[in-house]
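Working notes, beginning with the structure itself.
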Amino acid sequence: MKTLRATILLALTGLLAVSVSAASPREKTPMPSKSEAVTFLAQYSATLSELEEAAALAEWKAANSGRPEDYDEAATRSLALRQYHSDRDTYARIKSFLSIADQLDPIQARSLRRAELEFRGNQLPPEMLKEMVDLSTEIEKLQKTHRAELDGKAYSNNDLLEMLGDEDDSARREAIWRALKKVGAVISPKLVELAKLRNRAARTLGFANYWEMEIRLQEHDPEQLLAVFDELEKLTREPFAKMKGTMDAELAARFGVDVADMRPWHYDNPFFQAAPPSEAVDLDVFYEQNEKEDIVEIARRFYDDIGLPIESVLARSDLFERPGKDQHAFCINIDGEGDVRTLCNIKPTAEWMDTMLHEQGHAVYDLGLDRSLPRNLRDPAHIFTTEAVAMLFGALAKTPSWIVAYADGDPDRVKELAGAIKEQRRREQLIFTRWTLVMLYMEKSLYEDPDQDLASLWWHYKERFQMLHRPEGPLNPDWAAKPHFTIAPVYYHNYQLGELFAAQLRHVLAGLAGHKGPTSELSFNGRKDFGEYLTEKVFEPGRRYPWPEFVKKATGEPLTARYFAEEVQ
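Using the working numbering, the first residue of the sequence shown is number 20, and each one after it goes up by one.
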């Protein structure tokens, strides 16, 4: 997962038209000069570097200490960055400079357009911004503090999830599943209110609704994005249906029900966004004999073998559990000059091996950025491109050839389980893909018409994309139980775009290696040419191009769902 730098600079595709109005028939606004624009860009880059480094250091300190005062300081630094980008006079200057963008060199013009978009996204009236923040904070608090009642006893979300995973009785599973969704009824009215408020805010900035605003500020063209997901839906529909049929038969046998009676509560994940655990293989058997420090060494050795050394990252990182420390994992680029750090809580498990490789994937991307670029272009091409690189490497922890080479997995045992390992990976990819389709279209519909029957619409999309049976009886607003509608709105599509780009990169790397056969069997072991390709074509360009142009330059063709679909057939 990326943090801070990856989430604060999202952009709108293309150059926005700018008009310079006359103050009066006799008094025209003077045309800015190229030298003024160049001077401004140098000042902007310097100020941005200072503000972002301060915010990053504060965030890093808070995540490691857990102290309230450190989190307060991180919030203050983050607010300072946002306030800087909300200055209306500076925004007006940037817009005036855009009128002479054709006089600048391509890097300067791109930096100016990125600055315009960052400022545009922060031009909301302060009172409206405060209203949105206050309401979303209230909803988030309700979500985090809610305890569902089951059999007269209050349970946390984690308690219920654990109970669901262990329970075999269908009626009991249904009761647990419904308890997990009860929070939806508590917060759905407020979420609808927040959607309307977000829409009003978007319209003040010239967008039709909040969904369109967020999509465009993430440098996506709505039509292009929907075309990619339409291709993805069509290409994965049949393989998902076949896979789900096989999986449903397995689960039906476990729960003693007919396949036709399978319902949403028969899947361990309450939103059916992740695959149930495999009965055939537990990948932890290949990692549990290690110490937690061995997981770090395995990652260090692998990245060194492909010519992307991570010693400097490891020296600055915090990788093991401590009281008060953030319990998750992230990568943070402190200064854009090589101070890249990762935070993990490593244990000797397959999931943490995946996470370690994933976070170091973000790190090598940040290390490889061209440091001669202006500060607002010294970032990955897009949030989904750095996620793609992280996914590319993280998936190796669950790849047979890599397990043998780096986790010292017994070759005969790995060969015996190879089919089950690949099938579980395929299930994970397909299930998550169909789930992202639900989120994409549900959020689009929510902001297009917040007053429609959202509870029914949610199940329409779940039936269409996930092929689930909706629950019998009156529908609860289950959609509102998903925290991302509040804390990470209009974002899920980027996870899936990362999967698509990772598959496209695997296709390119397979060609580079002369690999024949499924790309799931592509060996990265010792492939320094892979590291060279990624550095030159993916890392160094930074954000100098809009992502559609970047993807075409890096892989030779536009982003497509075709290679991902080939992997999950």
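All residues carry an ideal CB built from backbone N, CA and C; glycine is no exception.
| Query | Result |
| --- | --- |
| DSSP bridge partner residues for Glu-168 (one or two, in chain order) | Ala-173 |
| Among Thr-223, Pro-577, Arg-101, nearest to Gly-527 - alpha-carbon criterion | Sequence check: residue 527 is Val here, not Gly. Nearest of Thr-223, Pro-577, Arg-101 to Val-527, Cα basis: Pro-577. |
| Selection from Thr-164, His-401, Ala-198 that minimises the alpha carbon distance to Gly-171 | Ala-198 |
| Reduced DSSP secondary structure (H/G/I, E/B, other) of Thr-579 | coil |
| Alpha helix (DSSP H) segment containing Arg-635, residue limits | Because the chain here runs from 20 to 588, residue 635 falls outside it and cannot be looked at. |
| Secondary structure of Leu-338, DSSP reduced to three states | coil |
| Member of Ile-234, Leu-161, His-347, Leu-396 whose CA lies at the smallest distance from the CA of Leu-67 | Leu-396 |
| Thr-505 (DSSP reduced to helix, strand or coil) | helix |
| Assigned secondary structure, Thr-405 (DSSP; H/G/I helix, E/B strand, else coil) | helix |
| Buried/exposed call for Gln-379, threshold 16 Cβ in 10 Å | buried |
| Sufficient close CB pairs (3 or more, under 8 Å) joining the stretch 522-536 to the stretch 233-251 | no |
| Same chain, Cβ closer than 6 Å to Arg-45, five either side skipped, listed in chain order | Residue confidence for Arg-45 is low, a pLDDT of 44 falling below 50, so the modelled location carries little weight and cannot support an answer. |
| Status (buried if at least 16 other CB within 10 Å, exposed otherwise) for Val-278 | exposed |
| Collapsed DSSP secondary structure at Ile-195 in the structure displayed | helix |
| Spatial distance of Tyr-425 from Glu-157 (CA atoms) | 46 Å |
| Paired residues, beta bridge with Thr-361 - DSSP | Cys-350 |
| Tyr-174 versus Glu-193: straight-line alpha-carbon distance, rounded | 15 Å |
| DSSP-derived helix/strand/coil call for Ser-1 | Shown here, the chain extends from 20 to 588; a query on residue 1 therefore has no answer. |
| Short CB-CB distance (under 8 Å) between Gln-142 and chain D | Structure shown: chain D not included; a single protein chain is present. |
| Cβ pair Gly-357, Leu-236 closer than 8 Å | no |
| Counted within 10 angstroms of its Cβ, other Cβ atoms place Met-262 as buried (16 or more) or exposed | buried |
| Nonlocal neighbours in the same chain, by C-beta distance under 6 Å from Pro-469, ignoring five residues either side | Val-211, Ala-214, Lys-215 |
| Close Cβ partners of Lys-53 (< 7 Å) along its chain, the five nearest in sequence each way excluded | Ile-119, Gln-122, Leu-123 |
| Rounded separation between Val-37 and Phe-116 - CA only | With a pLDDT of only 29 at Val-37, under the threshold of 50, the placement of this residue in the model should not be trusted, and no figure is reported. |
| Cβ-based neighbour list, Ala-439, same chain, cut-off 8 Å, excluding 5 preceding and 5 following | Ser-297, Ala-299, Val-300 |
| Straight-line Cα distance separating Pro-560 from Pro-393 | 12 Å |
| Leu-459 versus Val-509: straight-line alpha-carbon distance, rounded | 7 Å |
| Under 8 Å between C-beta atoms of Phe-291 and Trp-454 | yes |
| Neighbourhood of Gly-545 by C-beta distance below 6 Å, restricted to the same chain and skipping five residues each side | Asp-324 |
| Cβ-based neighbour list, Asp-548, same chain, cut-off 7 Å, excluding 5 preceding and 5 following | Leu-531 |
| Nearest to Gln-243 (by Cα), restricted to the options Glu-462, Pro-567, Glu-168, Lys-571 | Pro-567 |
| Lys-417, DSSP secondary structure in three states | helix |
| Secondary structure of Thr-589, DSSP reduced to three states | Residue coverage of the chain in this structure runs from 20 to 588, which leaves residue 589 outside it and unanswerable. |
| Buried or exposed (CB count within 10 angstroms, at least 16 for buried), Lys-160 | exposed |
| Counted within 10 angstroms of its Cβ, other Cβ atoms place Met-50 as buried (16 or more) or exposed | exposed |
| As assigned by DSSP and simplified to three states, the class of Ser-84 | helix |
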